[in-house]
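Quick note on numbering: our numbering labels position 246 of the sequence shown as 246, and the sequence is numbered without any gaps.
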Amino acid sequence: MADRLQKFLAARGLGSRREIEGWIERGEIQVNGRVARLGDQVDTGDTILVRGKPVKSDERAHRWVAYHKPEGEICTRSDPEGRSSVFASLPRLRGQRWVSVGRLDINTSGLLLFTTDGGLAHGLMHPSRGLEREYAVRVLGEVPEEIQHNLLRGVELEDGPARFDALAEAGGEGANHWFHVTVSEGRNRLVRRLWDAVGVTVSRLIRIRYGPVDLGRGLKAGHFRELDPREVRALYAAAEMSPPRSARPSGKRPERGGSRSASGKPRRAR
1 MADRLQKFLA
11 ARGLGSRREI
21 EGWIERGEIQ
31 VNGRVARLGD
41 QVDTGDTILV
51 RGKPVKSDER
61 AHRWVAYHKP
71 EGEICTRSDP
81 EGRSSVFASL
91 PRLRGQRWVS
101 VGRLDINTSG
111 LLLFTTDGGL
121 AHGLMHPSRG
131 LEREYAVRVL
141 GEVPEEIQHN
151 LLRGVELEDG
161 PARFDALAEA
171 GGEGANHWFH
181 VTVSEGRNRL
191 VRRLWDAVGV
201 TVSRLIRIRY
211 GPVDLGRGLK
221 AGHFRELDPR
231 EVRALYAAAE
241 MSPPRSARPS
251 GKRPERGGSR
261 SASGKPRRAR
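Structure, rendered in structure tokens:
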């Protein structure tokens, strides 16, 4: 059955649909000897070249990992300033690419999800899904109840009104107070901007959940872990997609991962 070109390539782990659409617009993909265009449909019998390299028609077995991003790492693949990228800590792949499910800014730590299934990443990030993102937030000073209520009712930002779906105090001492907050949209730096709009300074921000997947307590900063089949199936359900066979119950224990050492060899998670 024919699929749109970007969906076909994303299902084979070549990148996210958005990335692939950019390649098409730049003329970097050919289908059956001609330059591809947005809207083209392809099937397994078509000859597809991406930057001159042929694409295998069969779908590869996909992978899914959770990564604990430390502060100071960026979410792009490369940086002219030489800053560390989250992609440098992920397992190396052959013939596939890691696609991130959303991003975190350089000063935010916590959970990032990665997959080789670009279609899944697209489905999870689509605004219509409204997947919850939960954060642990450390702020400076007391936060009166009225300000907390305003954050739940909604405040006006430069790109329109926004609010927290949930907000709960989570302890703290001295000048530091912790809160757990939940949002269901992916606007850039939304959590920080909401607190800033009510005059509260955020001193630390950690994402602890994305949709059905939790960061958990055992995953150290700079390390990754393979998602277990239950988590993978929950992600496909959240994206309203059918999971591939490799994500269905097998009775096997999930593989655990680690971060990469300076030599490029994976360090095991502890």
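Idealized CB from N, CA, C, for every residue including glycine.
Given the structure is predicted, the values throughout are model-derived calculations rather than measurements.
In terms of residue numbering, what span does the alpha helix (DSSP H) encompassing residue i cover?
i	result
Gly232	First, the residue type needs correcting, since residue 232 is Val and not Gly in the sequence shown. Unbroken alpha helix (DSSP H) run through Val232: 229-238.
Glu21	17-25
In the DSSP output, what is residue i paired with across the bridge?
i	result
His68	Leu111
Phe224	Tyr67
Asp3	Val42
Arg34	Val31
Lys56	Lys56 pairs with nothing; no bridge assigned.
Asp214	Arg209
Val101	Leu113
If you compare alpha carbons, which of the options is closest to residue i?
i	options	result
Leu205	Arg37, Leu131, Glu142, Arg193	Arg193
Ala238	Ile208, Val65, Gly130	Gly130
Trp195	Glu185, Gly186, Arg207, Val181	Val181
Phe164	Trp178, Ser184, Glu156	Ser184
Glu145	Val232, Phe179, Gly218	Phe179
Ala66	Asp214, Ser84, Asp3, Ala36	Asp214
Glu134	Pro161, Glu21, His126, Gly186	Gly186
Val31	Leu124, Leu5, Phe87	Leu5
Phe114	Glu158, Thr76, Leu151	Thr76
Glu158	Ala175, Ala197, Glu169, His126	Ala197
Asn176	Val143, Leu152, Arg207	Val143
Leu35	Leu49, Thr116, Gly45	It should be noted that the sequence gives Val, not Leu, for residue 35. Closest option to Val35, Cα to Cα, is Leu49.
Ala168	Asn188, Ser78, Asp228, Ile147	Ile147
Pro229	Leu219, His62, Ser85, Pro91	His62
Ala166	His149, Trp64, Gly174	His149
Leu112	Pro127, Val86, His126, Pro91	Val86
Leu235	Val42, Arg103, Met125	Met125
Asp43	Gly52, Arg51, Lys56	Lys56
Lys53	Val191, Pro244, Ala162, Glu28	Glu28
In terms of residue numbering, what span does the beta strand (DSSP E) encompassing residue i cover?
i	result
Gln96	Counting along the chain, Gln96 falls outside any beta strand (DSSP E), and DSSP gives it neither H nor E.
Arg77	From DSSP, Arg77 is part of no beta strand (DSSP E); its letter is neither H nor E.
Arg209	202-210
Ile106	Taken as a continuous stretch (DSSP letters only), Ile106 belongs to no beta strand (DSSP E), as it is neither H nor E.
Leu90	Note, Leu90: premise wrong, no beta strand (DSSP E); not H, not E.
Val50	48-50
Task: alpha helix (DSSP H) runs wholly inside the segment 125-194, at least 4 long, in chain order - done: 145-153
Open item on the list: With a threshold of 8 Å, are at least 3 pairs of Cβ atoms found where one atom belongs to the segment 62-80 and the other to the segment 101-115?
Closed with: yes
Open item on the list: Quick test of the definition: if touching needs 3 or more C-beta pairs under 8 Å, does the segment 195-211 touch the segment 84-98?
Closed with: no
TODO: Specify whether the segment 114-122 and the segment 9-17 touch according to this definition: at least 3 beta carbon pairs, one from each stretch, less than 8 Å apart.
DONE: yes
Open item on the list: Does the structure place the segment 223-233 close enough to the segment 133-152 that three or more beta carbon pairs sit under 8 Å?
Closed with: no
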